[in-house]
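J.: Below are the structure tokens for one structure; questions will follow.
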Amino acid sequence: MSQSFANPIRWTRADLDLLEADEWKRYEIIDGELFVTRAPHIGHQDAAGRIYAQLLLWSEKTRLGTPYLTPGLIFSDADNVIPDVIWVSQARLATMVDEEGHLTDAPELIVEVLSAGSMNERRDREAKLKLYSLKGVQEYWIVNWRLQQVEIYRRENAQLQIVATLLKTDEISSPLLPEFSCSVGRFF
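All letters in the sequence shown, in the order written, are residues 21 to 208 by this note's numbering.
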């Protein structure tokens, strides 16, 4: 016998406040669905840190924007995520930070580093891709540190579309980041 629920449970930002704080877990809500992940593998953290460092060096030279490591993005009560790295322009940053220091609108660039497991990969490749597309993210990088490659998605026709898969010997650049260029291998 199977049961179907007319009103599935939808998690909200208020529900997260009721969960026990745990520094080893990350709680995210996408379209009302709760995703709980453990602290990422050291290789994951290393890749995110290296990407952040490259974006920070470029941002300090150009003063066009700022990268952030694992910021809270609060799009709505039902959409709260913690991407690995983001980059936001100075112009947008001024209008999108709430009183708690969370970003409440889409940054121009979001980077997600894949964690092991089909559920984690599905979250980044499907649920987050859809969310970021709906919220107006201009560019989305999905980084596979194990394979040492980066998938680049850019906004085309009002949604994020894959435009390239770069290997560690390739150079990465972006129309969002004038004159930014580095070897993908520097991310790993």
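All residues carry an ideal CB built from backbone N, CA and C; glycine is no exception. None of the values given here were measured: they were computed from a predicted structure.
Count the other C-beta atoms from every protein chain shown that fall within 10 angstroms of the C-beta of Q74, then say buried if there are 16 or more, exposed otherwise.
T.: Buried, because 16 or more other Cβ atoms sit within 10 Å of the Cβ of Q74.
J.: In the DSSP output, what is W165 paired with across the bridge?
T.: Note: W165 sits in no beta bridge, so no partner.
J.: Buried or exposed, going by whether 16 or more other CB atoms sit within 10 Å of the CB of A67?
T.: When all chains shown are included, A67 counts as buried.
J.: In whole angstroms, what separates the C-alpha of M21 from that of W31?
T.: Since pLDDT at M21 reaches only 45, below the 50 mark, its modelled position is unreliable, and no value is offered.
J.: Just grab the DSSP bridge partners of A184 for me.
T.: DSSP, once it has assigned bridges, lists I172 as partnering A184.
J.: In terms of residue numbering, what span does the alpha helix (DSSP H) encompassing N140 cover?
T.: Here the alpha helix (DSSP H) through N140 covers S138 to R142.
J.: Would DSSP call Q158 helix, strand or coil?
T.: Coil at Q158, not helix or strand.
J.: Assign D66 to one of three DSSP states: helix, strand, or coil.
T.: D66 falls in the helix class under three-state DSSP.
J.: Figure out for me which residue from N177, V204 and F200 has the closest Cα to the Cα of A184.
T.: Considering only alpha carbons, the answer is V204.
J.: Given that a residue counts as buried once 16 or more other Cβ atoms are within 10 Å of its Cβ, and exposed if not, what is S24?
T.: Below a pLDDT of 50, predicted positions are generally treated as unreliable, and S24, at 49, falls in that range; the measurement from the model is reported next regardless. Burial call: exposed.
J.: Please check the pair I106 and I130, which I expect to be a contact at CB under 8 Å, by giving their CB distance rounded to whole angstroms.
T.: Their Cβ separation, rounded to whole angstroms, is 5 Å, which keeps I106 and I130 in contact under 8 Å.
J.: In terms of residue numbering, what span does the beta strand (DSSP E) encompassing L129 cover?
T.: Looking at the DSSP string, the run of the beta strand (DSSP E) that includes L129 is L129 to V133.
J.: Report yes or no: do three or more beta-carbon pairs, one from the stretch 98-112 and one from the stretch 168-188, lie closer than 8 Å?
T.: The stretch 98-112, when compared against the stretch 168-188, does not touch it at the 8 Å Cβ threshold.
J.: Under the three-state reduction of DSSP, which class applies to L123: helix, strand or coil?
T.: DSSP places L123 in strand when its eight states are reduced to three.
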